[in-house]
Structure formats: C-alpha cells, structure tokens
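Trainee: In this note's numbering, the protein residues as written are 97 to 837.
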Amino acid sequence: MPPPALLLVIATLVPLASFLMLVFLGKRMGNPLAGYVGTLAIGSGFVLSIIAMMLWLGGGVYFDPLARATIEWGAGKSPINLPLAWIPAGIMDGQLHKGFLDIGLWVDSLTIVMFTMVTLVSTLVHIFSIGYMREDRRFARFFTYLNLFCFSMLGLVIGGTLLQLFIFWELVGLCSYLLIGFWYEKKSASNAAIKAFVVNRIGDFGFLIGFGILFYHLGNASLFNVWKALDLAGTGHAITLSNGVVMGGGLLTIMGIGLFCGAIGKSAQFPLHVWLPDAMEGPTPVSALIHAATMVAAGVYLVGRIFPILTPDAKLFIAIIGCTTLTMAALIAIAQSDIKKVLAYSTLSQLGYMILAMGVGSWVGGLFHLITHAFFKALLFLGSGSVIFAAHHEQELPQYGGLLRKIPVTAITFAIAVLAIAGTPFFAGHYSKDLILTHAGAFAALAGEQGHSKTYRLLFYLPVIIAYVTAFYMMRCWTLTFWGKPRNQHLYDHAHEAPVMWMPLVALAVLSIIGGYNWFGVSGMLDASITEARHYSFQNGHTLHGFDTVWPTADPQQRGGEDTPQPLHPPVYSPRQEAHIQGVEMAESGAKWAFLAGIALAFLIYRKGYGIAQRLVAIAPLGWIHTWLYRKMYFDELYYAVFLGITMGISRLCGWFDKLVVDGLVNLAGRSVRSFSWLAGQNDSIIVDGAVNGSAQVAQAVGFVVRVPQTGRIRMYVTVFLIALGAGLATALIIVLYRTS
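1) Does E281 pass the burial test, meaning 16 or more other C-beta atoms within 10 Å, or should it be called exposed?
2) When we look at the beta-carbon of I138 and count the other beta-carbons within 10 Å, is it buried (16 or more) or exposed?
3) For H313 and H333, I'd like the C-alpha separation in whole angstroms.
4) Give me the DSSP bridge partner(s) of L533.
5) Can the beta-carbon of T336 be found less than 7 Å from the beta-carbon of I562?
6) Between which two residues does the beta strand (DSSP E) carrying A181 extend?
7) What residue from G277, L622, F307 has the CA that sits closest to L261's CA?
8) Under the three-state reduction of DSSP, which class applies to Y496: helix, strand or coil?
9) Evaluate K362 with the Cβ neighbour count: other Cβ atoms within 10 Å of its Cβ, from every protein chain shown; 16 or more gives buried, anything less gives exposed.
10) Only counting the same chain, and skipping five residues up and downstream in sequence, which positions put a Cβ closer than 7 Å to that of Q653?
11) Measuring alpha carbon to alpha carbon, tell me which of V483, G519, Q432 ends up nearest P504.
12) Report all residues from its chain with a CB closer than 6 Å to the CB of A101; omit the five preceding and five following residues, and keep chain order.
13) What ranges does the beta strand (DSSP E) occupy inside the stretch 457-497, keeping only unbroken runs of at least 3 residues that lie completely in it?
14) Express the C-alpha separation of T212 and L144 in angstroms, rounding to a whole number.
15) How many Å lie between T108 and T520 at the Cα?
16) Per DSSP, what are the beta-bridge partners of F731 in this structure?
17) Cβ atoms of P600 and L478: under 7 Å apart, would you say?
18) Which of the three DSSP states is assigned to P98 in this structure?
19) Beta carbon of V565, beta carbon of A426: below 7 Å?
20) Could you tell me the boundaries of the alpha helix (DSSP H) in which L718 lies?
21) With a threshold of 16 other CB atoms inside 10 Å of the CB of G299, please say whether the residue is buried or exposed.
22) Could you pull the DSSP bridge partners for I167 from this structure?
23) Where does the unbroken alpha helix (DSSP H) through W265 begin, and where does it stop?
24) Under a Cβ-count criterion, where at least 16 other Cβ atoms within 10 Å of its own Cβ denotes burial, should I708 be classed as buried or exposed?
25) Do L622 and R630 have their C-beta atoms closer together than 7 Å?
26) Starting from W91, trace the alpha helix (DSSP H) both ways and give me its first and last residue.
27) From the DSSP output, in three-state form, read off G255 for me.
28) Run the CB neighbour count on H592, radius 10 Å, all protein chains shown included, and call it buried at 16 or more, exposed below.
29) What number of angstroms, rounded off, separates the C-alpha of R583 from the C-alpha of Y241?
30) Hey, would you say the C-beta of P404 is under 6 Å away from at least one heavy atom of the ligand FAD?
31) Let me confirm a value: S747 is counted as buried when at least 16 other C-beta atoms fall within 10 Å, else exposed. Which label applies?
32) Check this for me: beta carbons of F556 and A540, under 7 Å apart or not?
33) Counting only the same chain and skipping the five closest in sequence on each side, list residues whose C-beta sits under 7 Å from that of K437.
34) How far does the alpha helix (DSSP H) with W371 in it extend, from its first residue to its last?
35) Taking its Cβ as the centre, do 16 or more other Cβ atoms sit within 10 Å of L398, making it buried, or is it exposed?
36) Evaluate H586 with the Cβ neighbour count: other Cβ atoms within 10 Å of its Cβ, from every protein chain shown; 16 or more gives buried, anything less gives exposed.
Structure representation (structure tokens):
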C-alpha cells in the first residue's frame with residue numbers, strides 16, 4: 097500500500113481505537129484525562145494527514161490492480177485506487193471482482209485536503225471542549241462520542257465506493273443523534289436528536305433509490321467504475337452499457353436526484369433543512385463539529401463525488417435547491433435572537449452556496465468554499481461557545497452587549513470570522529465565494545446565449561443579494577454581542593474567558609485569513625484532483641468526460657504578467673469562455689462592495705442596541721415580516737399540520753377502526769362462543785342427565801343396582817353402555833314383533 101494511503105488508514109483507525117478505550121476505561125480516567133486521550137487520538141490523525149500531504153505533493157509509484165501496471169501517484173498525476181472484494185453479490189457486468197461487491201480506498205488531492213481539514217478542525221474542537229465541558233458529569237462519554245464521530249467522517253472521506261461512503265454516512269448520522277441529544281434530560285435536546293435522525297432518514301430513502309438504480313445496472317459502486325460507465329451522463333443522452341443495457345436520460349436524472357436526496361438531508365437543504373437549527377440543543381463544540389467539519393460537509397462531499405454522473409437536468413435541480421436554501425436561510429437569520437440560531441441559519445445559507453456551485457458547474461468553487469467555511473464557521477461556533485460560557489449559558493442576544501471589554505480575544509477572533517464570511521477582501525471567504533459567484537454568472541450568461549429562460553439569471557442575482565444580507569446579519573450578531581453598553585449588568589459583571597479556549601480561536605482566526613490564498617494551496621489541489629482523475633482514466637485506456645462541464649478557476653483573459661508579449665490579434669474565445677468572462681465582470685460589479693454595505697448598515701442600526709430596530713419593527717408590514725422570519729417562515733408549523741397532523745389523523749382513524757371493527761369482530765366471536773357454550777351446557781343438563789337418570793331407574797326396575805360415580809370417566813362409560821343397551825333391546829323387540837305379525 098502506498099505510504100499516503102497507509103497513513104490515512106492509520107489516522108482513521110486511531111480515533112476508533114481511542115473510542116474503544118474510552119468506552120471501557122473512560123469513566124475511570126475521568127476529567128481531564130479522558131479529554132486528553134481523545135484529543136491526542138485525533139491530533140495524531142492530523143499529524144499523520146500532514147505527513148501524507150507532504151508525501152502526496154512529492155509523488156511516488158505503485159502497482160495498480162485495475163490497470164495492471166505501475167502508475168505514478170501524486171498531486172496532478174494519478175490517484176491511488178485500491179479496490180478489494182468484499183461480499184458476494186452475484187455475477188454482474190461491470191464488476192471489478194466477478195461475483196463480489198467491492199470496498200476500497202480512493203486517495204486523490206480532494207481526499208488529502210478534506211482529511212486534513214477534518215482532522216485539523218476536530219483537533220481544535222477537542223481542545224476547546226476540554227475547557228467547555230470540564231464541569232459536565234458525563235465528560236468522558238462526550239469525548240467517546242466525539243472520537244466515534246471523527247472516525248465515521250474520516251472513513252467516509254477515504255472510501256473508494258459509494259456503498260462504503262453510505263455505510264459511514266449512516267454512522268455519522270448515529271453519532272450526530274448521540275451528540276445532539278447528549279443532554280438527554282432536556283426534553284428539547286432529545287426531541288432535536290430524534291428530529292435530526294428522522295429527517296435524515298427521509299433523505300437517505302431517496303439516496304437508496306438512486307443507489308439501487310445504479311447498482312442494478314452496474315453491479316458495482318466503486319467511484320472510478322461509476323465514472324467510467326456513466327461518463328457521458330453529463331450530455332443528457334442515453335448511455336449504452338458494456339452489456340448492451342441502455343440507461344435513458346430520464347432514468348439517469350432520477351438516479352442523480354435520488355443520490356442527491358442524501359445530501360439534501362445531511363447538508364440540511366430545503367425542504368429537509370428543519371433539523372439543523374434545532375441541533376443547537378447539543379453542546380456548542382458539537383455544533384461547531386457538525387456545522388464545520390463533519391455531518392453537513394458530508395453532503396457537499398457526496399455531490400462532489402457523484403458530479404461526473406449528473407445529467408444537466410439533475411444539476412439544474414441541484415442549483416435550484418441550493419439557491420432556494422441560501423436565500424431562505426439568510427432571511428431567517430436576520431430576525432433570530434439566539435446567537436447559535438443565527439449561526440445555524442448562516443450555515444444553511446453557506447451550504448446553499450456550495451450546493452448551488454455544484455449545480456452550476458463550479459466544482460472547485462463549491463469544495464473550496466467547503467474548506468474555507470470550515471475554518472471561519474468553526475471559529476464562529478467556538479466563539480459563540482466562549483460567549484455562552486462567559487455568560488453562564490445564556491444564549492439570547494438581548495442579554496449581551498459590551499462584552500468586548502470582558503472577553504477581548506473572543507471578540508477579536510469572532511470579528512475576523514465575521515469579515516471572512518462576509519466576503520471581505522484578503523480574508524478566506526472572499527476568494528471562495530467570489531469564485532462561486534463568478535461561475536454562477538457564467539452559467540447564467542451561457543444559458544442566455546443558448547436561448548434559455550431569463551429566470552436562469554436568478555441563480556446569479558439571488559446569491560449576490562444574499563451576499564449583502566450575509567454581511568448584515570453577521571455584523572448584527574457581533575454588534576449586539578460585543579459592542580455598546582451591557583443590557584444585563586449581572587451577566588456582564590461575571591463574564592470571563594477561559595485560557596484553554598484561546599488557542600483554538602486564534603488558530604482558526606489565522607486560517608480564516610490565509611485559508612483562501614493561492615500559496616496556501618487549497619484551490620490548486622482541488623483543481624489538481626480533476627487532472628488526476630482524467631490522467632488515471634487515460635492510464636486505464638479511457639477518456640473521462642465527466643468533468644468537462646466544470647468551470648475553470650482561471651479567467652480566460654488572464655495574462656502571464658507585464659513582461660509577457662501581447663498577441664498581435666485579439667484572441668478568439670469559445671462560447672463558454674465568453675460566458676466565463678461575463679461571469680467575472682458580473683461578480684465584480686454585483687458583489688464587490690457587498691461586505692462593506694452590509695457591515696456598515698448593521699453597525700448603524702444596532703450600535704446602540706435594539707432601539708432603531710424596534711422602531712422599524714413597529715411599522716406594521718415590517719413587523720409582520722419580522723414575525724414571519726422569527727418564526728422561521730412557519731416551516732415547523734406547516735410540517736406539523738401537513739405531515740404530522742395527517743399522520744396523527746390517520747393513526748386516530750386506524751385506532752377507531754381497530755377498536756370498533758377489529759375488536760368488535762373479535763368480541764362478537766367471543767360472545768358467540770360464550771352463548772353457544774351456555775346453550776350446550778343447558779342441553780347437556782336436560783338430555784344427558786335425563787338419560788342417565790332414566791337408565792338408573794330402568795336398572796333398578798330389573799333388579800340391578802349400579803353404583804355410578806358422580807364424576808370421572810366411569811360415569812360416562814356406564815351412561816353410554818346403558819343407552820346402547822336400551823337402544824339394542826328396543827331394536828330387538830321391534831324386529832320380533834314385525835316378524836310374528
């Protein structure tokens with residue numbers, strides 16, 4: 097096994113070993129030793145991932161079992177593909193190992209980047225948790241669950257098949273259930289855990305439908321095998337498989353949307369977004385891990401892996417879902433008063449940007465934003481955890497104010513995260529969000545050139561508008577928390593920072609600044625993973641077209657520098673290049689100053705607290721809108737009425753039917769049996785007892801004395817004998833009389 101793959105496998109298994117150790121010994125270890133063990137496990141995974149990244153950048157060679165040749169792996173070269181036969185599945189066309197379903201490893205630049213991000217953020221969350229959870233009586237159990245959570249996500253990242261991805265996908269869902277409901281004595285926490293689990297099962301049902309279609313036709317689910325077999329799905333035309341079976345465009349679209357339904361659940365996209373805000377009932381470090389590095393990131397990662405097999409209609413569906421989610425969630429975030437709810441809807445909106453990016457072909461942009469978002473969103477949640485810890489677990493913004501003077505490190509690092517998510521130049525979020533908006537503009541421009549509806553432009557204009565809204569609601573959150581005068585003097589007087597929480601905040605603040613720069617290498621490695629897939633496909637005698645619809649990261653008009661000689665004639669661009677150039681111009685003109693406008697407006701309105709906002713809300717239409725947004729657009733009430741209400745109504749109808757019809761028939765049968773048994777008892781007393789008494793009298797008349805017991809079998813035998821004897825005598829008498837006559 098090549099060294100990078102071996103290191104990543106070890107880094108995945110170390111948290112699992114720590115989990116098993118804490119299961120049996122965690123309670124004895126206690127606080128803080130259990131926290132140190134869990135943190136050391138995931139921290140060692142991060143160190144191993146860094147070593148694997150360095151080796152990956154250097155490159156090497158290995159014997160590939162699929163190509164049956166020595167292949168050079170490394171950044172921009174080829175991935176490491178190690179399929180293994182797993183369970184018998186019947187002989188089907190397209191299987192790598194005939195008769196078996198495969199599992200395995202797929203290591204490329206995307207794997208390396210995702211693995212490093214997950215272990216880095218998880219390590220910082222573990223360190224923060226040592227201080228945040230130090231007074232919790234289930235301290236060891238918390239780190240036990242965290243280690244299992246990290247193992248599940250890391251196993252998902254290195255998985256080489258969609259089935260393997262789904263197995264760890266479900267394990268991630270189980271861990272989120274355990275952690276969201278960690279404080280299960282709170283009814284709201286247990287309800288939130290159940291809600292998250294059930295809603296995700298709805299999305300997974302769609303995933304299984306899509307996976308079933310795929311496996312039925314291919315007989316395998318390894319990433320490269322799927323990409324190779326369904327390579328031309330992006331054209332929207334039918335595909336003829338190697339066994340002659342034809343998969344039509346409609347079937348391919350249904351398959352792609354079905355697989356995407358899993359991401360709708362995991363990444364909390366409309367209409368399955370309702371579980372994520374309620375997930376804030378868990379401890380704040382759990383919120384940071386779910387929103388930044390693990391559960392919601394899994395959905396975007398899935399879409400990135402299935403991108404080569406998505407049809408144009410499936411991609412359009414994905415883009416519409418992402419655009420709807422980012423718009424809806426950002427508007428709801430404006431009116432929330434709970435600091436964690438603001439950040440939760442912020443996550444929904446940013447995930448909408450990533451899903452939109454995948455739909456419009458910004459593959460690198462969506463995954464790039466996934467990485468940068470992990471840095472500043474983990475910082476925001478850990479910062480909110482520091483605020484909540486300082487405020488003795490008070491989460492309402494109206495109770496804050498002026499905390500900049502009491503917890504300055506938290507305030508400054510939180511401000512850096514706000515600038516990053518607002519898309520401020522020189523911060524990480526600016527580069528990834530600008531790339532998404534550029535490609536969304538290019539997509540809209542290309543759709544216009546091809547004669548499609550003008551409504552395609554909404555996929556660009558709505559994200560641009562929400563860029564202003566994002567800066568507004570995040571600056572509102574910071575201002576109400578850290579600026580102005582205290583609105584709760586007792587809370588303010590007792591607020592303080594915990595030193596153990598400073599280091600993760602500072603580290604994430606640095607990453608929120610430098611994470612988007614080219615020299616940091618994230619976007620370059622993501623771009624290289626496409627080159628690696630194409631090169632590996634060529635090594636196996638195939639040309640991969642699944643990534644042909646991905647927009648390039650470089651502007652077609654970019655020059656090599658001032659010293660580069662200019663061409664004598666203006667270059668001729670293809671329609672896609674022309675659209676890309678228009679996208680660059682649209683992004684620069686539309687969202688260039690979004691960060692400044694949103695931040696300035698929020699500071700002007702909320703710098704002195706809620707005074708101006710309350711006067712605005714007093715205006716009837718604005719007040720109605722504010723209530724509508726504060727109540728989360730009444731989605732919970734709508735779902736309760738439509739789904740839960742109908743379900744409860746059907747259950748009551750079934751209960752009525754069971755009680756009146758089913759139980760009625762059973763009770764009728766019981767009464768009938770009771771009535772017949774009573775009647776049989778009456779007949780027995782009249783006929784049988786009468787015959788016995790008559791036989792006894794006959795016996796006495798002829799001089800026989802028969803002592804018949806009152807109970808038992810003897811009475812029955814004697815009674816039958818006497819009846820038969822009487823019947824025989826009567827019959828003989830009749831025959832004699834008949835013959836003599």
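By construction, the Cβ of each residue, glycine as well, lies at the ideal position given by its N, Cα and C atoms.
Mentor: So, from the data block:
1) When all chains shown are included, E281 counts as exposed.
2) Counting Cβ neighbours within 10 Å, I138 comes out buried, since at least 16 surround it.
3) Cα to Cα, the separation comes out at about 16 Å.
4) According to DSSP, L533 bridges with nothing at all.
5) No, they are not a contact pair.
6) Unbroken beta strand (DSSP E) run through A181: 176-184.
7) Residue F307 is the option with its Cα nearest to L261.
8) It is coil, neither helix nor strand.
9) So K362 ends up on the buried side.
10) For Q653, where only same-chain residues beyond five positions count, the Cβ hits under 7 Å are I677.
11) Measuring from the Cα of P504, the nearest candidate turns out to be V483.
12) If you ignore the 5 residues before and after A101, its C-beta comes within less than 6 Å of the C-beta of I176, L201, V203, all in its own chain and listed in chain order.
13) Secondary structure within the stretch 457-497: not one fully enclosed beta strand (DSSP E) run of 3 or more consecutive residues is present.
14) The straight-line gap separating the alpha-carbon atoms of L144 and T212 is approximately 9 Å.
15) Whole-angstrom Cα-Cα distance: 35 Å.
16) Partner(s): none; F731 has no beta bridge.
17) The beta carbons of L478 and P600 sit closer together than 7 Å.
18) Of the three classes helix, strand and coil, the one that applies to P98 here is coil, per DSSP.
19) Yes, the Cβ-Cβ distance between V565 and A426 is below 7 Å.
20) 716-726 is the span of the alpha helix (DSSP H), which, as asked, contains L718.
21) Burial call: buried.
22) I167 is bridged by DSSP to Y158.
23) Boundaries of the alpha helix (DSSP H) around W265: 258-276.
24) Counting Cβ neighbours within 10 Å, I708 comes out exposed, since fewer than 16 surround it.
25) Not closer than 7 Å, so no.
26) Lying before the first or after the last residue shown, residue 91 is absent from the chain, which here runs from 97 to 837.
27) The DSSP-derived three-state label of G255 is strand.
28) Of the residues assessed, H592 falls on the exposed side of the cut-off, its CB having fewer than 16 other CB atoms within 10 angstroms.
29) Each residue's alpha carbon lies about 37 Å from the other.
30) Questions concerning the ligand FAD fall outside what the structure shown contains, since it holds no ligand whatsoever.
31) Counting Cβ neighbours within 10 Å, S747 comes out exposed, since fewer than 16 surround it.
32) Cβ distance < 7 Å, so F556 and A540 count as in contact.
33) Close CB contacts of K437 within its chain, under the 7 Å cut and outside five residues either way in sequence, are with P373, M376 (chain order).
34) Element bounds for W371: 371-374.
35) Classification for L398: buried.
36) Counting C-beta atoms within 10 angstroms of its own C-beta, H586 has fewer than 16 neighbours from the protein chains shown and is therefore classed as exposed.
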